[in-house]
Amino acid sequence: MRLEALCVADLHLHTNLSLCAPSTTTAESYLPYCEQEGIKRIGISNHLYLHLGLEYTLQSCEQIRALQNRTSVQLLFGCEMELHYGRPPMLDRQSASAFDYVLVAPSHIFNQIHHYRDFDLSTPEKVRHLTIENFKQACYLDLGVPTAICHPLYPICAPDQQEILDGMDDQMLGECYTLAARHEKSIEIHACLYRNTVTLDEEGLSPSYIRMLSIAKECGCRFHFGSDAHAPETFIGKHALLERAAQRAGIRWEDLWQPARV
Ligand SMILES: [Zn+2]
Ligand SMILES: [Zn+2]
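According to this note's numbering, the sequence shown is numbered sequentially starting from 728.
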């Protein structure tokens with residue numbers, strides 16, 4: 728048993744309503760593994776899709792509420808909203824009120840490339856600039872429900888990710904995280920810490936992303952954990968890694984976002 732368990736809630740999980748998840752994944756799929764992972768609360772945060780409408784993502788709300796009667800694991804109903812630079816947000820205060828919380832994803836670079844075929848993201852500098860500017864846009868969102876930034880400053884699917892991170896100096900990061908703290912956006916302790924898209928150390932963690940968390944902590948941010956699992960295979964065994972990353976960044980219980988405390 729871990730002495731000081733920080734990672735007791737995983738608020739970034741997908742089910743088969745996310746088009747990128749296997750058809751077999753449901754909220755229930757994660758429940759048998761929560762106890763061994765030390766997880767007491769899970770948050771289902773499926774993607775929102777403009778072409779399918781809000782109703783599509785909302786359809787699992789009742790099932791998740793009903794599932795609560797059959798498990799001691801606490802369940803939250805959230806969503807993952809993309810934010811694309813120069814485009815209006817997918818949610819406003821009224822539509823966001825259907826969710827317990829919202830994860831804002833400002834760094835889905837693959838979709839940014841898809842949406843903006845004329846958007847020049849041909850160098851690490853340009854991707855870095857977009858990643859930072861879109862993070863700041865996410866900070867300014869006012870959705871009226873608890874809001875967090877998922878996989879912060881993780882340029883998903885962009886090439887040269889380590890080079891992109893290496894060019895983010897302390898001042899840039901300080902500006903981003905000060906803004907997040909001021910606007911009460913929780914910072915996610917995410918799978919990007921152990922995914923091998925960047926250089927990992929002997930603990931299997933990314934020193935670059937741990938440095939980011941340390942700066943976010945200095946800036947007064949709140950934090951939550953999110954494995955971004957799309958199936959149990961990417962859920963099992965990951966929370967000890969997320970917790971270790973938080974410890975190395977000096978994050979303590981009092982630094983956690985309210986929904987991340989159980
Ligand atoms: Zn995402
Ligand atoms: Zn996700």
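All C-beta atoms in this analysis are idealised placements derived from N, C-alpha and C, irrespective of residue type, glycine included.
- Remark: the shortest separation between the CB of residue 919 and any heavy atom of ligand 2 does not fall under 7 Å.
- Taken in chain order, the whole beta strand (DSSP E) runs of length 3 or more contained in the region 851-893 are 874-876.
- Residues whose Cβ lies closer than 6 Å to any heavy atom of ligand 1, listed in chain order: 807, 832, 835, 877 and 878.
- Cβ neighbours of residue 765 within its own chain (closer than 7 Å, five residues either side excluded): 729, 732, 734, 735 and 966.
- A distance criterion of 7 Å places the beta-carbon of residue 955 in contact range of ligand 2, judged by its closest non-hydrogen atom.
- Annotation for residue 801: 767, 768 and 989 place their beta carbon closer than 7 Å to its own, counting only its chain and skipping 5 residues before and after.
- Collapsing the DSSP output to three states places residue 962 in coil.
- Looking at the backbone, the Cα of residue 902 and that of residue 777 are separated by about 31 Å.
- The three-state reading of DSSP puts residue 942 in helix, counting H, G and I together.
- Nearest neighbour of residue 804 by Cα position, chosen from 887, 787, 817 and 812, turns out to be 787.
- Shown here, residue 849 sits in coil according to DSSP, grouped into three states, outside any helix or strand.
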